[in-house]
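*Asks:* In this note's numbering, the protein residues as written are 2 to 246.
For every residue, glycine included, the Cβ atom is placed at its ideal position computed from N, Cα and C.
Remember, predicted model here, so these are calculated numbers, not experimental data.
Structure, rendered in structure tokens:
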């Protein structure tokens, strides 16, 4: 694994850098394997990336027709709910560029029971990446984009949650949290750690302490942060700005 940390003075500078890395990963994947499989996050920070990608020059550089979109995690809410991660990406990016409908692979949150939804989502992922004798142990996404919370959580992997210890499953159901409490689905650490490239996006002064602890890679205090346990086979890239969104 190679690790890179880049800091930016402004949110717009971070967004431009993230869009450039996204485009680079997409073009490399399509040239090498014929398709680009990317995992998108939820939260506020990714809207910076989405806004950059839908505008020139990046809107014309990303091979959208060869790109497949997945999500790091999702709340168990209707797809059109304002707090849906899929809904956010759809509003801010997916309807603004030309993407085949069959290339959008959202979590099946219409299934009311979280454990059943997690199993259905994992089944769909396994079908996409190959089932049978030649099925991969874990998917190998070309790019995973993740956010980070002030508590060090990423996706829906929170400090102390049992989902952090999952070693075989691709998708986990996470107990309800938030106000009001909502169950969540999340890809697991082994999935993130089999990616070719992981790009973390962090913005705001409340993230500085956790970013400083994690991104250097040699701080024992970072062990308590779920984001610190993301260690992909390929590149690990941290992009951070202290500027507020």
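(1) Going by DSSP, what residues sit across from residue 3 in a beta bridge?
(2) I'd like to check one pair, residue 174 with residue 272: are the Cβ atoms closer than 8 Å?
(3) Starting from residue 24, trace the alpha helix (DSSP H) in both directions and tell me its first and last residue.
(4) Would residue 79 count as contacting chain C if we go by Cβ distances under 8 Å?
(5) Under the DSSP definition of a beta bridge, which residues are partnered with residue 199?
(6) Mind checking whether the beta-carbon of residue 56 lies closer than 7 Å to any heavy atom of the ligand HEM?
(7) Can you give the beta carbon distance from residue 65 to residue 40, rounded, assuming they're within the 8 Å contact cut?
(8) Compute the Euclidean distance between the alpha carbons of residue 187 and residue 177, then round it to the nearest angstrom.
(9) Within the continuous alpha helix (DSSP H) that includes residue 129, where are the two ends?
(10) With a Cβ-Cβ cutoff of 8 Å, do residue 110 and residue 228 count as a contact?
*Replies:* Looking at the atomic coordinates:
(1) Counting from one through the chain shown, the residue named residue 3 turns up at place 2. Partner(s): 236.
(2) In the structure as shown, the chain starts at 2 and stops at 246, and residue 272 therefore has no counterpart that could be examined.
(3) Numbered from 1 along the chain shown, position 23 holds the residue referred to as residue 24. Going by DSSP, residue 24 is part of the alpha helix (DSSP H) stretching over 12-34.
(4) The structure shown contains no chain C; it holds only a single protein chain.
(5) As a first step, residue 199 must be located in the chain shown, where it is residue number 198. 145 and 237, per the DSSP bridge assignment.
(6) The ligand HEM is not among the ligands present in this structure, which contains no ligands whatsoever.
(7) The sequence position of residue 65 within the chain shown is 64, counting from 1. The sequence position of residue 40 within the chain shown is 39, counting from 1. In fact, because the Cβ distance is near 16 Å, the residues do not count as touching under 8 Å.
(8) Numbered from its first residue, the chain shown carries residue 187 at position 186. Numbered from its first residue, the chain shown carries residue 177 at position 176. Straight-line Cα distance between these residues: approximately 12 Å.
(9) The residue you call residue 129 lines up with position 128 of the chain shown. Element bounds for residue 129: 115-130.
(10) Here residue 110 refers to the residue found at position 109 of the chain shown. Here residue 228 refers to the residue found at position 227 of the chain shown. Against a cut-off of 8 Å, the Cβ pair of residue 228 and residue 110 comes out as no contact.
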